[in-house]
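Novice:
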Amino acid sequence: MSIGIQNYLIKPFTTDELEKAIADVIRRLDANETKSAQTGHLLEKNETYLRQLAEEYTKAKRTDDKAIEVFEEVINLPNCEMRWIQTLAMIYIVRQRWSKLKLLAERIERHTRTF
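If you're matching positions, the sequence shown starts at 2 in the numbering used here and goes up one per residue.
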């Protein structure tokens, strides 16, 4: 984690200046930890939302641009289910997006080799 250079001490410095600089660094580190925790929570909520949206789009059998956008994001989530990749592949077939289908097929092939 990088917090950058904010305070620096020039010799000779007093103990008060040193303590103030240390306190400032601790305060900034705590602020960064809080931001990281909030970001992690937002990412988790975003993952849940994307999975729910993908589920709805699958049930509705959507193949429009928005569905492609959602499924392209969902397949990049950790622990992505194979069904999302397969659904996106089917959409690519319906929409005749052959170059994207080829890339996705290569990804599926790599995925199946690992199992």
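All C-beta atoms, glycine included, are put in the ideal place defined by N, C-alpha and C.
What did DSSP end up calling Gln-87 once you bin it into helix, strand or coil?
Specialist: Residue state, collapsed to three classes: helix.
Novice: For Phe-14, which three-state DSSP category applies?
Specialist: Reduced to three states, the DSSP call for Phe-14 is coil.
Novice: Let me know if Leu-104 comes out buried or exposed under the rule of 16 or more other beta-carbons within 10 Å of its beta-carbon.
Specialist: That one is exposed.
Novice: Please name the residue, chosen from Ala-32, Glu-20, Glu-82, that lies closest to Gln-53 on a Cα-to-Cα basis.
Specialist: Of the candidates Ala-32, Glu-20, Glu-82, the one whose C-alpha sits nearest the C-alpha of Gln-53 is Glu-82.
Novice: For Arg-63 and Leu-51, what's the separation of their Cα atoms in angstroms?
Specialist: So the two alpha carbons sit approximately 15 Å from each other.
Novice: In this structure, how does DSSP classify Leu-19 when only helix, strand and coil are distinguished?
Specialist: Note: Leu-19 maps to helix in three-state DSSP.
Novice: With Leu-10 and Glu-20 assumed to form a contact (beta carbons below 8 Å), what rounded beta-carbon distance in angstroms separates them?
Specialist: The Cβ separation is near 11 Å, so there is no contact.
Novice: Short of 8 Å in beta carbon distance, which residues of its chain neighbour Ile-86, apart from the five on each side in sequence? Order them along the chain.
Specialist: Once the five neighbours on either side are set aside, the close Cβ partners of Ile-86 are Ile-76, Leu-105, Arg-108, Ile-109, His-112.
Novice: Taking the continuous alpha helix (DSSP H) assigned at Glu-107, which residues delimit it?
Specialist: Where Glu-107 is concerned, the enclosing alpha helix (DSSP H) stretches over 99-114.
Novice: Taking all protein chains shown into account, decide if Ala-61 is buried (16 or more other Cβ within 10 angstroms of its Cβ) or exposed.
Specialist: So Ala-61 ends up on the exposed side.
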